[in-house]
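Asks: No gaps in the numbering here: position 90 of the sequence shown is 327 in the numbering used here, and each next residue is one more. Glycine is no exception: its CB is placed at the ideal position from the N, C-alpha and C atoms.
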Amino acid sequence: MVNSTDFTNRLKKILEHHQLTASMFADKIDVQRSSISHILSGRNKPSLDFILKVTNEFTDVDIYWLLNGKGIFPSNVNSATFTPSPNVSLFSDEKGVSSGKKINRIVVFYNDGTFDEYKKD
Numbered sequence: 238m239v240n241s242t243d244f245t246n247r248l249k250k251i252l253e254h255h256q257l258t259a260s261m262f263a264d265k266i267d268v269q270r271s272s273i274s275h276i277l278s279g280r281n282k283p284s285l286d287f288i289l290k291v292t293n294e295f296t297d298v299d300i301y302w303l304l305n306g307k308g309i310f311p312s313n314v315n316s317a318t319f320t321p322s323p324n325v326s327l328f329s330d331e332k333g334v335s336s337g338k339k340i341n342r343i344v345v346f347y348n349d350g351t352f353d354e355y356k357k358d
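1) Residue 290 to residue 338, Cα distance in whole Å?
2) Can you tell me which of the three DSSP states residue 343 falls into?
3) At the level of alpha carbons, what is the spacing between residue 258 and residue 356?
4) Residues in its own chain within less than 8 Å of residue 279 by CB, not counting five upstream and five downstream?
5) Within a Cβ cutoff of 7 Å, which residues of the same chain sit near residue 344, ignoring the five residues on either side of it in sequence?
6) Ordered along the chain, which non-local residues of its own chain (more than five positions away) have a Cβ less than 8 Å from that of residue 298?
7) From residue 284 to residue 260, what does the alpha carbon distance come to, in whole angstroms?
8) Which partner residues does residue 354 have in the DSSP bridge list?
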C-alpha cells in the first residue's frame, strides 16, 4: 500500500525539480487542479490513472520510486550533457565541413524552456 505522506513528499519533489506549481503540474498531466490539491493535502490517495499520467509525462520519474521510494529520482540523468574538450573547438574546420560553410553559433534548447548559446570568439 502507498504511504500517502511519503507519496506526497515525492510528488512535491517532482514539482520542485521541474519548477512547477501545483496548477501547472495539473495542466501538464491533464488532471483537474483540485485533484492535485487533494492529493497534496492528503485528503485523497492517487489513482492508478493519476500515477500513469505522471510517469508518462515525466520520463525521469520511475514508477517504483513514485509509489514506494525505491530507486532514484530523476531516474535518467541527462546523458546528453555537453562539455567541450579544451583541445577541440566546436567551430574548427576539423569537423569535416566541406561545403565552405562555417559554424558561428550553436544554440542548445532544454526541455525547461531555457537555452545556452555558444558563439565563435
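Replies: Put simply:
1) 45 Å
2) strand
3) 34 Å
4) The residues are 241, 242, 245.
5) 352, 354
6) Cβ-Cβ distances below 8 Å link residue 298 to 251, 291, 292, 310, 311, 312 in the same chain, with the five nearest sequence neighbours on each side left out; the list follows chain order.
7) Going from the Cα of residue 284 to the Cα of residue 260 covers about 18 Å.
8) 344
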